[in-house]
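Please read the structure below before turning to the comments.
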Amino acid sequence: VNYTGSSSMEVGIKVVAEDIRSQVVRHVNSCFFTMVAVDEARKPVQVPPLSPSTPDERRRWDAALLRKSLRKELAERFQQVRETATP
1051 VNYTGSSSME
1061 VGIKVVAEDI
1071 RSQVVRHVNS
1081 CFFTMVAVDE
1091 ARKPVQVPPL
1101 SPSTPDERRR
1111 WDAALLRKSL
1121 RKELAERFQQ
1131 VRETATP
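Under our numbering, the residue at position 15 of the sequence shown is numbered 1065, and the numbers go up by one with no gaps.
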């Protein structure tokens, strides 16, 4: 878990591959996804807060905040395009 908001969290996944013969491990893919906690009525509910304490946790937290900001900016840009596009 890289980041928690009030009802959401970002999780990072790193995929590695290992050559069994040479035992060389290499990074092959990474992804991030955001989940929202919901109750039985599908309404957002609070998640426990994450308090980054190590330098690596703080780095991942800051990177997650940047991704969140970029997603918001892109969503706003796409909305502007939709509003100004001719049908």
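Built from N, CA and C at the ideal position, the CB exists for glycine as well.
Spatial neighbours of V1086 in its own chain (CB-CB distance under 8 Å, excluding positions within 5 residues in sequence) are listed in chain order as S1057, S1058 and P1094. Shown here for L1124: not one same chain residue has a beta carbon closer than 6 Å to its own, the five before and five after excluded. Assigned with DSSP and collapsed to three states, D1089 falls in coil, not helix or strand.
Following the DSSP letters along the chain, one finds V1131 inside the alpha helix (DSSP H) bounded by residues P1105 to T1134. Here E1060 is near T1084, since their CB atoms are less than 8 Å apart.
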